[in-house]
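> Before anything else, here's the structure in question.
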């Protein structure tokens, strides 16, 4: 596979594996996961990408003006707020990069000043692009320091003339001195204000703030493997903890009797309910709240879940959450992790509490970076005193004769004064 080079790699710092052939990247990630997880069970071969370039469907650019007056867009240099100009990124969607470059070109014509973090003067702070790889729909979010965009209708017309494939444009207002990209206020100035995309046969409505995996191709691989490991037959009750907008839960609902999704973020729960309706999925329910507390309540009420899906943040799960999962005592836990270090820590806890790791599958979601996803199947251990014995009844060697059992039953039959209840 061709090894392309990025001119901004050294200053950007986003792609730690730049310059390393993709096959070698996979080997290094496999070694890392194996070293951390093999003490718990079998680690399968890493699943890499067919094409590790331009996989990101979400692209964010920060805008700045250089000392010579040139407007630039790009990313912050690692560990600083100095903008590294980027016109094309090897892992970002090419269409998104082209739109950002053309927005930069329109600023001078429309006399739109870029925001200066030091003086807090100027208007345009960031541009966020989201693209549905399956649907082709594109969202443009202009993050401004104030809600007024001069000649906004003409600006949108000029942008659509260059990129008629754009389906919606929003203004997001971030007037605070913060490192957060998006503010609270949002206005739709073109289109419906969201995009839709398809993943694993389900449709998802994606807003500017929605969590949606940035590599949809490998997400299908990751979620497909998670569902496969769960071994759903249509009879299971499934709990989707950290459910987000309901992606894993809705995919699981096709093969399960019932799915319950629990998520702390109320906006994500709203999106999840909307997405379930969009797909006509009726055997799934969503609850807003702490998943650990929810599982504790289920356990206290003697309710059961056959399978628990958990997809925690990079910091991993918490001991309180895992204790709740253990109390609920599902047959299987499918753990999706974006950090093998915290995954190993959590496996240490779960294996001490009666679960065993059956297998782990590394999945490369973020080529040219040091990140790797892993999906793990944990099954509840059988008690140590429990043994399985196969007994065959009948005549012949190695079998227990039914006639002998019948004769012993008659011999030791209780006296007639004992009344047998039918």
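Residue numbers (this note's numbering): 163 to 584. Here a beta-carbon is modelled for each residue, glycine too, at the ideal position from N, C-alpha and C.
Check whether the segment 307-316 and the segment 216-230 are in contact - that is, three or more C-beta pairs closer than 8 Å.
The segment 307-316 is not in contact with the segment 216-230.
> Is it the case that the Cβ atoms of residue 276 and residue 524 are separated by a distance below 9 Å?
By one-based count along the chain shown, residue 276 stands at place 114. By one-based count along the chain shown, residue 524 stands at place 362. Taking 9 Å as the Cβ cut-off, residue 276 and residue 524 do not qualify as a contacting pair.
> Please confirm if the segment 309-325 is in contact with the segment 397-410, defined as three or more CB-CB distances below 8 Å between the two stretches.
These segments do not touch.
> Can you tell me whether residue 338 is buried or exposed, with buried defined as 16 or more other CB within 10 angstroms of its CB?
Your numbering for residue 338 matches position 176 in the chain shown. Result: exposed.
> If I follow the unbroken alpha helix (DSSP H) through residue 504, where does it start and stop?
Numbered from 1 along the chain shown, position 342 holds the residue referred to as residue 504. Residue 504 -> alpha helix (DSSP H) spans 502-514.
> If we ignore side chains and look at the alpha-carbon of each, how far apart do residue 547 and residue 389 end up?
Translated into positions along the chain shown, residue 547 becomes position 385. Translated into positions along the chain shown, residue 389 becomes position 227. Note that residue 547 has pLDDT 44, beneath the 50 cutoff, so the model's placement of it is unreliable and no number is given.
> Looking at the structure shown, is residue 215 part of a helix, part of a strand, or coil, going by DSSP?
Translated into positions along the chain shown, residue 215 becomes position 53. Three-state DSSP puts residue 215 in coil, outside helix and strand.
> Quick check on this structure: which residue in 290, 284, 280, 273 has the alpha carbon closest to the alpha carbon of residue 237?
Taking the chain shown and counting its residues from 1, the one referred to as residue 237 is at position 75. The shortest C-alpha separation from residue 237 is found at 290.
> Taking 9 Å as the cut-off, decide whether the C-beta atoms of residue 366 and residue 407 are in contact.
For the purposes of this step, residue 366 is taken as residue 204 along the chain shown, with counting starting at 1. For the purposes of this step, residue 407 is taken as residue 245 along the chain shown, with counting starting at 1. Contact flag set, yes.
> Going by beta-carbon coordinates alone, are residue 529 and residue 178 separated by less than 9 Å?
Locating residue 529 in the chain shown gives position 367, counting from the first residue. Locating residue 178 in the chain shown gives position 16, counting from the first residue. Not a contact, by the Cβ cut-off of 9 Å.
> Going by CA-CA distance only, name the one from 459, 419, 385 that's closest to residue 473.
Locating residue 473 in the chain shown gives position 311, counting from the first residue. Of 459, 419, 385, the residue nearest in Cα terms is 385.
> Evaluate contact between the segment 461-472 and the segment 431-440, counting only Cβ atoms and requiring at least three cross-stretch pairs below 8 Å.
No, the segment 461-472 is not in contact with the segment 431-440.
> What is the rounded straight-line gap between the Cα of residue 416 and the Cα of residue 447?
Taking the chain shown and counting its residues from 1, the one referred to as residue 416 is at position 254. Taking the chain shown and counting its residues from 1, the one referred to as residue 447 is at position 285. Going from the Cα of residue 416 to the Cα of residue 447 covers about 14 Å.
> In this structure, how does DSSP classify residue 460 when only helix, strand and coil are distinguished?
The residue you call residue 460 lines up with position 298 of the chain shown. Here residue 460 sits in helix by DSSP.
> What residue range is occupied by the uninterrupted beta strand (DSSP E) comprising residue 334?
To locate residue 334, count along the chain shown from 1; it is residue 172. Residues 330-335.
> Would you identify the three-state DSSP class for residue 223, choosing helix, strand or coil?
Numbered from 1 along the chain shown, position 61 holds the residue referred to as residue 223. Strand.
> Assign residue 494 to one of two classes, buried (16 or more other C-beta atoms within 10 Å of its C-beta) or exposed (fewer than that).
Indexing the chain shown from 1 puts residue 494 at position 332. Under this definition residue 494 is a buried residue.
> So, with DSSP's three-state summary, where would you put residue 423?
Position 261 of the chain shown, counted from the first residue, corresponds to residue 423. The answer is strand: DSSP assigns residue 423 an E or B state.
> Checking 9 Å against the spacing of the C-beta atoms, do residue 391 and residue 200 come in under that value?
Stepping through the chain shown from its first residue, residue 391 is reached at position 229. Stepping through the chain shown from its first residue, residue 200 is reached at position 38. No, the pair does not count as a contact, with Cβ atoms beyond the cut-off.
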